[in-house]
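Notes to accompany the following structure.
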Amino acid sequence: MNIATLIKENQGVIVDVRSYGEFQGGSVVDSINIPLNEIPERIEEIKRLKTPLILCCASGNRSGQAQHFLSQYGIECYNGGSWLDVNYYKSQNI
Numbered sequence: 001m002n003i004a005t006l007i008k009e010n011q012g013v014i015v016d017v018r019s020y021g022e023f024q025g026g027s028v029v030d031s032i033n034i035p036l037n038e039i040p041e042r043i044e045e046i047k048r049l050k051t052p053l054i055l056c057c058a059s060g061n062r063s064g065q066a067q068h069f070l071s072q073y074g075i076e077c078y079n080g081g082s083w084l085d086v087n088y089y090k091s092q093n094i
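The sequence shown runs contiguously to residue 94 in UniProt numbering.
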């Protein structure tokens, strides 16, 4: 199944890995903010989230790093790329 379908069908959780400031400037509805640099210390919290996780950031770079890190812990997650792209897919469901 592709990422767009996961988002449109509201499967899993959208996790925005941008900074708090970036997240406050605009974000995907119902997404949660866990900045990339906080992921290692919040791994237990992340493990309790409904999977799959759809990770996003500004361009896809940080979410790619997060996806690589989290997959090493056996967490089902996907790099959704830019939060704007994820937001577009999410809006297709409304």
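All residues carry an ideal CB built from backbone N, CA and C; glycine is no exception.
Quick one, are the C-beta atoms of Gly81 and Ser59 less than 9 Å apart? Their beta carbons are under 9 Å apart, which means Gly81 touches Ser59 by this criterion.
Bridge partner(s) assigned by DSSP for Cys82: Correcting the residue identity first, residue 82 is Ser in this sequence and not Cys. In the DSSP output, where bridge partners are listed per residue, Ser82 has Cys57.
Cys56: which of Phe23, Lys50 and Arg42 sits nearest, CA to CA? Phe23
DSSP state of Ile3 mapped onto helix, strand, coil: DSSP places Ile3 in helix when its eight states are reduced to three.
How would you call Ser91, buried or exposed, if buried means at least 16 neighbouring beta carbons within 10 angstroms? exposed
Given that a residue counts as buried once 16 or more other Cβ atoms are within 10 Å of its Cβ, and exposed if not, what is residue 154? This structure cannot speak to residue 154, because the chain is shown only from 1 to 94.
Host alpha helix (DSSP H) of Ile46 (start-end): In the DSSP assignment, Ile46 falls within the alpha helix (DSSP H) that extends over Ile43 to Lys47.
Do you know how far the Cα of Leu84 is from the Cα of Ile46? 22 Å
Determine the direct distance from the alpha carbon of Glu41 to that of Ser19, and round the result to whole angstroms. 15 Å
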